[in-house]
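Q:
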Amino acid sequence: MIERTYVKPEIVFNEETSHSGIEIVNVAQFCRLVEKQPDWLSSLLTQAEMDYCAGKHERHAGRFAAKMALIKAMGVGLQWQEISILPSPTKRPEIQLTGKAAQLVQDNGFITLPLSISHDEGLAVALVIPTADNLKLQVGIDITSCERVGKLLERFPVLFRNKRFTKKEIDQSGNDPVQFAQKWAAKEATSKALGTGFGQEGVKWREIEIIGQDRGTYSVALSGNALAWAESESLHTWNLTIIPNVKTPIAVVIAHA
Ligand SMILES: CC(C)(COP(=O)(O)OP(=O)(O)OC[C@H]1O[C@@H](n2cnc3c(N)ncnc32)[C@H](O)[C@@H]1OP(=O)(O)O)[C@@H](O)C(=O)NCCC(=O)NCCS
Numbered sequence: 004m005i006e007r008t009y010v011k012p013e014i015v016f017n018e019e020t021s022h023s024g025i026e027i028v029n030v031a032q033f034c035r036l037v038e039k040q041p042d043w044l045s046s047l048l049t050q051a052e053m054d055y056c057a058g059k060h061e062r063h064a065g066r067f068a069a070k071m072a073l074i075k076a077m078g079v080g081l082q083w084q085e086i087s088i089l090p091s092p093t094k095r096p097e098i099q100l101t102g103k104a105a106q107l108v109q110d111n112g113f114i115t116l117p118l119s120i121s122h123d124e125g126l127a128v129a130l131v132i133p134t135a136d137n138l139k140l141q142v143g144i145d146i147t148s149c150e151r152v153g154k155l156l157e158r159f160p161v162l163f164r165n166k167r168f169t170k171k172e173i174d175q176s177g178n179d180p181v182q183f184a185q186k187w188a189a190k191e192a193t194s195k196a197l198g199t200g201f202g203q204e205g206v207k208w209r210e211i212e213i214i215g216q217d218r219g220t221y222s223v224a225l226s227g228n229a230l231a232w233a234e235s236e237s238l239h240t241w242n243l244t245i246i247p248n249v250k251t252p253i254a255v256v257i258a259h260a
C-alpha cells in the first residue's frame with residue numbers, strides 16, 4: 004500500500020474555491036508498486052506524460068499525487084487516462100482533461116484547475132484548487148530537504164545567506180537550517196504560484212521575503228520583478244502556510260486577486 008497523508012488546507016475564500024485537494028506520495032513505495040505491476044504506470048499516465056517524465060520516478064509520483072489531489076478536490080473518481088498533467092510553455096504544470104472528467108469539471112462550473120507539484124527527499128506532493136471563472140487564483144507548493152539546506156549553509160555560510168535571503172530573514176533564522184529550509188520552501192512555493200520559478204521574468208530569491216509572525220504564521224512580501232510580475236497577473240493577496248516538519252518542511256501558497 005502507498006502511504007498517503009491528506010491535509011486539507013484551511014484557507015477557504017468563498018463558494019467558488021471551497022474545493023481543494025492535497026496529496027503526498029512516498030516515491031520509494033510508489034516505485035515498488037510499479038515494479039510489482041509494470042502495467043500500472045502506463046495505465047496511470049498518458050503517453051505524453053510518460054514522455055515528459057523521461058523515466059524520472061519523482062515525476063511519475065508527482066503526477067500520481069496531482070491526479071489524486073484532483074480526485075479529492077472533485078470528490079468523485081476520475082479515469083486516470085482522462086487526466087494529463089504537462090508543463091505549460093513557462094513550465095507551470097497544467098491539467099488537461101478529456102471525456103467524462105472534462106464534462107464533470109464543466110458541470111461543476113470550474114473553469115481553471117490551478118495545480119502545483121514538488122518533489123524532494125523521496126516525497127512527492129501536489130495541491131489542486133478548482134476555481135470558477137470570476138476568481139483569479141494561483142497555487143504553489145514546495146517540499147524542501149532540511150539536510151540539503153543545512154549542508155549549503157555549512158559549506159557556503161555567507162554566500163548561501165546573502166544570495167537567497169534578505170537581512171530580516173537572516174536575522175530571524177540565526178544558524179538554524181530548519182528555519183532557512185522553511186523560508187526556502189516558502190520562496191519556491193511563491194515562485195511557483197507566480198508561475199515564473201526563479202530566473203524567468205528575472206524573479207530573484209531576495210525579491211520574495213518570508214517573515215515569521217505570531218502563532219506559526221508567515222507573511223509574504225514581494226518586491227522588484229516578483230512584485231511587478233504579481234501585479235501584471237493581478238495576484239494581490241498572498242496566503243502562506245508552512246507545515247514545519249523537521250526533516251522536510253512543506254510550504255503551501257495561495258495567491259489571488
Ligand atoms: C520552479 C522551481 C522553483 C522548482 O523548484 P525545484 O526545487 O527545482 O523543484 P520542485 O521539485 O520543488 O518542483 C518541481 C516542479 O515545479 C513545477 N514548476 C517548474 N517550473 C515552474 C513554473 N515556472 N511555475 C510553476 N511551477 C513550476 C513543475 O511542476 C515541477 O514538477 P515536474 O518536474 O514534475 O514537472 C525552479 O524553477 C527553480 O527556480 N529552482 C531553483 C533551484 C535553485 O536555485 N537551486 C539551487 C541549488 S543550490
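Take 4 as the starting number for the sequence shown in this note's numbering and just add one per residue.
Virtual Cβ for every residue (Gly too), placed ideally from N, Cα, C.
What is the DSSP secondary structure of glutamine 82, reduced to helix, strand or coil?
A: Looking at glutamine 82 - three-state DSSP - the assignment turns out to be coil, as it is neither helix nor strand.
Q: Can lysine 24 and isoleucine 74 be called in contact, C-beta distance under 8 Å?
A: According to the sequence shown, residue 24 is glycine rather than lysine. Yes, Cβ-Cβ distance for glycine 24 and isoleucine 74 is below 8 Å.
Q: Hey, which unbroken runs of the alpha helix (DSSP H) at 4 residues or more fall wholly within the stretch 68-151?
A: List check, alpha helix (DSSP H) in window: 102-110.
Q: Under 7 Å from any heavy atom of ligand 1, does the C-beta of leucine 155 make it?
A: Checking the Cβ of leucine 155 against ligand 1 gives yes.
Q: By how many angstroms is the C-alpha of lysine 186 removed from the C-alpha of proline 247?
A: Proline 247 and lysine 186: Cα-Cα distance of roughly 10 Å.
Q: First and last residue of the alpha helix (DSSP H) that includes tryptophan 232?
A: Here the alpha helix (DSSP H) through tryptophan 232 covers 227-235.
Q: Roughly how many angstroms separate the alpha carbons of lysine 207 and glutamate 97, rounded to a whole number?
A: So the two alpha carbons sit approximately 23 Å from each other.
Q: Comparing the CB of aspartate 217 with every heavy atom of ligand 1, is any distance shorter than 7 Å?
A: Checking every heavy atom of ligand 1 against the Cβ of aspartate 217, none is found closer than 7 Å.
Q: Mind the definition here: the stretch 237-252 touches the stretch 212-223 only if three or more C-beta pairs lie below 8 Å; say whether that holds.
A: Yes, the stretch 237-252 touches the stretch 212-223.
Q: Can you tell me whether glutamine 203 sits near ligand 1, meaning its C-beta is under 7 Å from at least one heavy atom of the ligand?
A: Yes - ligand 1 has a heavy atom lying nearer than 7 Å to the Cβ of glutamine 203.
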